[in-house]
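Visitor: The structure that follows is given in the form of structure tokens.
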Amino acid sequence: MIQIIKFNILCCTLFFLVSCGSQKKIIVDSKVIRDTVYITHANPKYHIITEANLPEYVISQKNFPSVAFNERIKFLVLHYTVSDYPTSVKILAKKGQVSAHYLITDQPNDTIDILVSEDKRAWHAGVSSWNGTENLNDTSIGIEIVNKGYTKIKDSLIFTYFPKYQIKKVATLSKNIINRYEIDPVNVVGHSDIAPLRKQDPGPMFPWKELYTQYGIGAWYEEYDKEYYLTQYIPDSYPYSSPLEFQKALKKYGYKIDLTGEWDKNTYLTIRAFQWHFRPEKADGNVDAETWAILQALNKKYRSNTK
């Protein structure tokens, strides 16, 4: 049976604490700030906090919680589904090969589907890496967005637009997740960021800059830093034309890339993923002055303490 829970997504949290007896203690903390949406799920027994249930012993909560803990969730990964809503549900909730925690519909309504409880590992990232962390399924929340992806015409990929009402859903849900898990801006990523050699989503039509400027979500460079680095760029000279130096800069920001010192296919695909995120107007996989300047500006802002 489908249960619908209406709640204020920016700041309502439900904790289900399973006690040692037969009763369940429910604590609800709710503050109203803004947009109300519906979260639909097929299993009403999802929980966030669990404990052992031992018939012969009492599990005491008098010293709960310890101060020595942190969240397992460090990353938020955004995807597109490459299919319509019914097909997306079938693939993500019925077939059992891939999944995500949330599914953003392509309809202008107030519904967001939850597919996997946040305390469970969804199978959305696959072989992945970001800033030295591998297999991001273990440490991330995954959001799938219903979108047709791209059409390939000759050698070009024509990507599908994301409507404003859909991006508002993405932003509202993402902000809630980011705030609850204190996710760093640089750890709000696309699937193509964490798997650039094999993935394209959410693609260059996804409005990363809008999420940053209008909702404070994710990372973005400062324009004045970009302009400064543009003045420093000298074509066909070291280090600006060095593949090794650019590979090092990509790795510093978070991308997994081999330091081959060559403009090879893997470097091309990683540069293209970077451009899809931060310079989608011209995402051709080639390093130009603006691509170089944006990467330097991002590392200055977010990775200044990283070697």
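Quick note: the sequence shown uses my numbering, first residue 1476, plus one each step. For glycine and all other residues, C-beta sits at the position ideal for the given N, C-alpha and C.
1) Around the C-beta of L1734, are 16 or more other C-beta atoms found within 10 angstroms, so that it is buried, or is it exposed?
2) What residue from S1716, K1723, L1744 and D1585 has the CA that sits closest to Q1641's CA?
3) Run through the DSSP bridge pairs and tell me what V1552 is partnered with.
4) According to DSSP, which residues form a beta bridge with F1634?
5) Give me the DSSP bridge partner(s) of W1605.
6) For a quick check, are the C-beta atoms of Y1728 and T1745 less than 8 Å apart?
7) Just how far apart, CA to CA, sit K1565 and D1581?
8) Thinking C-alpha only, which one of W1767, K1701, T1781 and D1759 is nearest K1716?
9) Using three-state DSSP, classify N1780 as helix, strand or coil.
10) On the criterion of 16 or more Cβ atoms from any shown chain inside 10 Å, does P1671 qualify as buried, or is it exposed?
11) With distance defined between alpha-carbon atoms, name the residue in T1626, Y1713 and I1587 nearest to S1649.
12) Within this structure, are the beta carbons of R1547 and T1614 separated by less than 8 Å?
13) Look at P1771 and A1758 and say whether their C-beta atoms are less than 8 Å apart.
14) Can you tell me which of the three DSSP states W1598 falls into?
15) Near L1705, what residues of its chain come up, given a Cβ to Cβ distance below 8 Å and the 5 sequence neighbours on each side ignored?
16) Would you mind working out which of G1624, I1589 and A1575 sits nearest N1612, comparing C-alpha positions?
17) Taking the alpha carbon of N1662 as the point to measure from, which residue in E1593, R1778 and P1561 has its own alpha carbon closest?
18) Return the Cβ separation of D1668 and W1605 in integer angstroms, given the expectation that the two are a contact with Cβ distance under 8 Å.
19) Can you list, in chain order, the stretches of the alpha helix (DSSP H) that have 4 or more residues and sit fully within the region 1643-1727?
20) Does the distance from the C-beta atom of H1554 to that of I1618 stay below 8 Å?
Guide: Looking at the atomic coordinates:
1) exposed
2) D1585
3) G1617 and V1664
4) Y1625
5) Beta-bridge pairing links W1605 to T1608.
6) no
7) Cα-Cα distance, rounded: 15 Å.
8) A quick correction: the sequence has Ser, not Lys, at residue 1716. Answer by Cα proximity: W1767.
9) coil
10) buried
11) Answer by Cα proximity: I1587.
12) With contacts defined by Cβ atoms closer than 8 Å, R1547 and T1614 form a contacting pair.
13) According to the sequence as given, residue 1771 is Gln; it is not Pro. For Q1771 and A1758, no; Cβs fall outside 8 Å.
14) coil
15) A1764, E1765 and A1768
16) Ranked by how close their Cα comes to the Cα of N1612, the residues G1624, I1589 and A1575 have A1575 in first place.
17) Looking from the CA of N1662, the closest CA among E1593, R1778 and P1561 belongs to R1778.
18) 7 Å
19) 1666-1669, 1683-1690 and 1698-1707
20) In this structure, the beta-carbon distance from H1554 to I1618 falls below 8 Å.
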